[in-house]
Each structure stands twice: as structure tokens, then as C-alpha cells.
Amino acid sequence: MAADRATPALQLRGVKKFFGSVSALEDVALDAYAGEVHAIVGDNGAGKSTTIKIITGIHSADEGDVMVQGERMASRRSAADAHEHGVSVVYQDLALVECLDIAHNMALGNLPRKYGVILDRRKMEREAAVVLKELKVRVGNVRTPVGLLSGGQRQVVAIARAVRMDKPIILLDEPTAALGVQETAHVGEIIDELKAAGKAVICVTHDLDFAFKHADKVTVLRLGRSVGTRTVADVSRDEVVGLITGAIPGDTRTAEVA
Numbered sequence: 001m002a003a004d005r006a007t008p009a010l011q012l013r014g015v016k017k018f019f020g021s022v023s024a025l026e027d028v029a030l031d032a033y034a035g036e037v038h039a040i041v042g043d044n045g046a047g048k049s050t051t052i053k054i055i056t057g058i059h060s061a062d063e064g065d066v067m068v069q070g071e072r073m074a075s076r077r078s079a080a081d082a083h084e085h086g087v088s089v090v091y092q093d094l095a096l097v098e099c100l101d102i103a104h105n106m107a108l109g110n111l112p113r114k115y116g117v118i119l120d121r122r123k124m125e126r127e128a129a130v131v132l133k134e135l136k137v138r139v140g141n142v143r144t145p146v147g148l149l150s151g152g153q154r155q156v157v158a159i160a161r162a163v164r165m166d167k168p169i170i171l172l173d174e175p176t177a178a179l180g181v182q183e184t185a186h187v188g189e190i191i192d193e194l195k196a197a198g199k200a201v202i203c204v205t206h207d208l209d210f211a212f213k214h215a216d217k218v219t220v221l222r223l224g225r226s227v228g229t230r231t232v233a234d235v236s237r238d239e240v241v242g243l244i245t246g247a248i249p250g251d252t253r254t255a256e257v258a
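Mapping the sequence shown onto the UniProt record's numbering, position 111 (from 1) lands on 111, and the numbers just tick up by one.
If you want it as C-alpha cells, here you go:
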């Protein structure tokens with residue numbers, strides 16, 4: 001699916017979310033473009049997970065707009081609606097089935113069938129191998145059970161599954177959590193490949209080193225508000241940390257890049 005790089009692939013404006021009397025999001029804004037990696041950072045409780053769940057349709061926004069490719073999404077929508085409009089997500093728990101092999105996990109939700117009934121295993125394995133090759137993923141044979149893979153290999157399989165769906169927007173929720181140095185580097189290489197392929201990659205992360213190495217822009221959330229969006233090349237780590245902690249007040253024009 002081709003993406004228009006002049007219009008934000010994903011846009012949030014004034015997004016608010018309440019759970020009863022508790023305000024989870026007060027005012028979140030974001031512009032994410034095709035061919036860019038956009039990191040979302042913040043302390044625990046800043047609103048990162050709730051923001052991801054609103055983008056993907058698991059939660060609905062109580063106020064504000066969510067727009068995909070310039071089209072405003074309905075406030076009440078499902079995860080299927082978000083997927084249909086071009087959003088693919090890899091959650092931190094990965095949702096992989098350990099007893100199934102790599103190819104089968106990558107095809108879950110969209111299994112190729114012969115005659116509309118029989119699983120087309122040859123096509124499934126071929127499509128998996130093509131995606132893994134395009135991403136330069138090193139996980140061995142696509143018939144390998146996921147349960148035998150390392151944490152980093154499982155992460156890249158989950159990302160490859162999202163890529164196989166061929167959506168213009170890919171959301172990654174803490175893609176390097178609990179990974180070692182080499183595995184983190186491998187995930188970073190894959191994210192770079194997604195960017196080069198023209199995807200809009202939104203990456204929620206606590207790892208500022210990773211964000212500064214692979215992201216083009218970073219949006220900081222604090223206490224349910226986006227308090228600053230910055231171009232990584234023009235911002236210091238100290239400023240981002242200051243925005244996270246509140247040492248730097250931040251601003252309310254969060255979708256604009258300072």
C-alpha cells in the first residue's frame with residue numbers, strides 16, 4: 001500500500017481519555033509521516049500504552065481526533081477498523097504461538113487457503129521467507145517452532161508478521177524490552193529497513209539510546225499530555241530527559257517540531 005509522504009500517515013489532535021473519573025490522557029497530539037521513525041517516550045504512567053490502544057482501536061478517545069492518511073477515524077471503532085485503515089501493531093507480549101512454526105505465526109489472522117478451505121502451507125512458507133529476506137531477518141528455517149527462538153528472534157518474527165500484512169503504519173510497543181545488546185541492534189536494523197521501505201513507524205520505548213539512534217522525531221508524554229515533539233537531530237538527550245521528568249516545562253503545541 002503506497003503512502004502519501006506529504007500528509008501525516010497518522011495524526012492525533014487533542015486526544016483525551018477517561019476511565020471513570022480518572023483522566024488517562026489529557027491532551028495528546030502527534031504527526032507521524034511515511035518514511036520516518038517516530039518515537040514516543042515517557043515515564044511509566046505517562047499515557048504511552050493508552051495512546052497506542054486508542055490508535056489501534058482497542059480504546060476509543062473521549063475527545064479529539066485520530067486521522068489515518070488524512071481521514072478522520074470514528075471515535076467508536078474497533079481494532080479491526082484500525083487494521084482496515086492501515087494500522088498494524090506489535091505489542092510487547094508479541095502474541096506468538098510457541099508450538100507453531102515461524103511461517104504459521106507470521107500468517108495468523110490471514111492464513112492462505114487452497115479452495116477456500118485447505119491451508120496452503122507452501123504459499124505460507126514462501127510468503128514468510130520473502131518477508132524475512134526483505135527485512136534481512138536472521139531466524140533460520142521458517143519451519144522452526146517459535147518456542148525454540150530467542151527473545152530477539154521472536155521480536156523480529158512478530159515485526160515480520162506485521163510487515164506481511166502490508167500496512168503503511170506500524171506501531172511497535174517497547175520492541176527492545178528485555179533484549180540483549182546484539183538483539184536490540186538487530187531490531188534496530190529491521191526498523192531502519194521499514195523506514196527505508198516508506199513505512200511510518202511509531203515506536204514506544206523507554207530506551208533513549210535506541211530512540212536517538214533510530215528515530216527521526218520523538219514525542220514526550222508526561223502525565224497524559226504530549227509536552228514536546230522534537231527532531232532527534234536537533235535535540236539533546238538532556239532536553240528529552242528534562243521533558244520526561246518535568247524539569248523542562250514543555251509546550252502544548254506538541255505536533256509542531258521545535
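The beta carbon of each residue, even a glycine, is placed where N, CA and C say it ideally should be.
Sixteen is the threshold: when 16 or more other Cβ atoms of the shown chains lie within 10 Å of the Cβ of Ile159, as they do, the residue is buried. At a Cβ-Cβ threshold of 8 Å, Lys199 and Ala34 count as neighbours. Leu171 and Thr56 do touch by the CB rule: their CB atoms are close to 7 Å apart, below 8 Å. Between Val87 and Val68, the CB-CB gap stays under 8 Å.
For Thr7, no beta strand (DSSP E) encloses it, and the DSSP letter there is neither H nor E. In the structure shown, Lys217 adopts extended strand secondary structure according to DSSP, grouped into three states. Around the beta carbon of Pro249, fewer than 16 other beta carbons sit within 10 angstroms, so the residue counts as exposed. Contact holds between the region 125-139 and the region 162-178, because three or more Cβ pairs, one in each stretch, are under 8 Å apart.
Using a 10 angstroms sphere on the CB of Asn105, the tally of other CB atoms reaches 16 or more, which defines it as buried.
Under DSSP, the beta-bridge partners assigned to Leu30 are Leu12. By the Cβ-count criterion, Glu174 is buried, with 16 or more other Cβ atoms from all chains shown falling within 10 Å of its own Cβ. By the C-beta criterion, the region 109-119 is judged not to be in contact with the region 181-188, since fewer than 3 inter-stretch pairs fall below 8 Å.
Annotation: the continuous beta strand (DSSP E) that includes Leu171 extends over 169-173. Membership of Thr51 in the alpha helix (DSSP H) is indicated by the continuous run 48-55. The region 48-64 makes contact with the region 15-27; the number of CB pairs closer than 8 Å reaches 3 or more. Between His83 and Val28, the alpha-carbon positions lie close to 21 Å from each other.
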